[in-house]
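So the sequence lines, in the order shown, correspond to chains V and E. Per this note's numbering, numbering of the first sequence is gapless, rising by one per residue and ending at 113. Per this note's numbering, numbering of the second sequence is gapless, rising by one per residue and ending at 1113. Just so it is clear, CB atoms sit at the ideal spot from N, CA and C, and this is done for glycine as well.
Number of protein chains: 2
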Amino acid sequence: MKIQRADDITANDVNIDGAEKVRMRMLVGPDDEAPTFYMRQFVVEPSGHTPRHEHGWEHECYILAGSGVVLTPDGAKPIGPGDCLLVPPNEEHQFRNTGDQPLTFLCLVPKTD
Amino acid sequence: MKIQRADDITANDVNIDGAEKVRMRMLVGPDDEAPTFYMRQFVVEPSGHTPRHEHGWEHECYILAGSGVVLTPDGAKPIGPGDCLLVPPNEEHQFRNTGDQPLTFLCLVPKTD
Chain V
1 MKIQRADDIT ANDVNIDGAE KVRMRMLVGP DDEAPTFYMR QFVVEPSGHT
51 PRHEHGWEHE CYILAGSGVV LTPDGAKPIG PGDCLLVPPN EEHQFRNTGD
101 QPLTFLCLVP KTD
Chain E
1001 MKIQRADDIT ANDVNIDGAE KVRMRMLVGP DDEAPTFYMR QFVVEPSGHT
1051 PRHEHGWEHE CYILAGSGVV LTPDGAKPIG PGDCLLVPPN EEHQFRNTGD
1101 QPLTFLCLVP KTD
C-alpha cells in the first residue's frame, strides 16, 4: 500500500502549449503500477491556466484550494474548494486561476498506456 | 460537464457488515455516466471505521480532513489531510477514525459494471 503526503511528491512544471504557471504532481500513477486510473494534483498560480483543449478521455476533478473558473461549452463557471467535476470525453475545457492564491485540484484520468 | 459542490450531494449511511458510523457521497458515478472510474467521498465519524476487507479492485484515496489510521498488511499507519493512498487489488485494508473530528476522504474505484 502506498501512503504518501502529496506535498512530499515533486511538482513538475507543465510545459505544454497553452499551459501557464501550472505544476503537476503524480500522486498515484505508472510508477505505482496503478491498474486503471491515475491521480494527479495540479497547482495553478494566480493568473495561470491549463490548456484550452479537448481529448478522448474524461477528467474527474476535486478542487482542494483557491478559486477560479472552468471554461465549459456553456461558458466560464466558477469553481472553489469542495467542488467535484466530471469533464466528459471530447468536451473542451480549461481551468483558470482568477484568485490571488494557488488554485489546487485533483484531476484523475484513465490509464491509457 | 458536471460541476457540483460535494456538500450538496446526499451522504448515505453505509450499511454493510463491518462499517460503523460511515456515510458515503457518490460525487461522480453511474448517474453521471462516468466512463472508467467513480469518485466517492467517505465521512467517518469519531470512533467509526470502514469494513476490514479485501477485494479484487484498487482504491485511490486522498484524505481531506480529520485524522485516523489505515490498517495495512504491515499494521496500522497514520493518515491525515493531504495524504494520498493506493490500496492495490486483493490487499486487506480498513480506515479508522482515531480523532475527534470527522475523517473525510475521497476514495475512487474502477467501474465494474
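Note on E:A1076: under 16 other CB atoms within 10 angstroms of its CB, so exposed under the neighbour-count rule. Pairing E:V1069 with E:F1042 gives a Cβ-Cβ distance that is not under 8 Å. With 16 or more other Cβ atoms from the protein chains shown falling within 10 Å of its own Cβ, V:R25 counts as buried. In the three-state reduction of the DSSP assignment, E:A1076 falls in the strand class. The C-beta separation of E:M1001 from V:P35 comes to about 26 Å, leaving the pair out of contact by the 8 Å criterion. In this structure, V:G80 is the residue among V:T112, V:E92 and V:G80 with its C-alpha nearest to the C-alpha of V:Q101. The beta carbon of E:D1031 sits no closer than 8 Å to any beta carbon of chain V.
Per DSSP, the unbroken beta strand (DSSP E) holding V:M39 starts and ends at F37 to H49.
Here the alpha carbon of E:D1083 sits roughly 9 Å from the alpha carbon of E:F1105. E:L1071 is a Cβ neighbour of E:R1052, given a cutoff of 8 Å. In this structure, V:V28 sits near E:E1060, with a CB-CB distance shorter than 8 Å.
About 18 Å separates the CB atoms of V:H55 and V:R96; that is not less than 8 Å, and the two are not in contact. Put simply, the backbone Cα of E:T1098 is about 44 Å away from that of V:G18. Shown here for E:P1073: same chain residues with a beta carbon closer than 8 Å to its own, the five before and five after excluded, namely E1091 and E1092 in chain order. Contact check for E:L1103 against E:S1067 passes: the beta carbons are separated by less than 8 Å. E:M1024 does not reach chain V, its nearest Cβ partner there being about 13 Å away, counting only Cβ pairs nearer than 9 Å. When only Cα atoms are considered, E:L1085 and E:P1078 end up about 12 Å apart.
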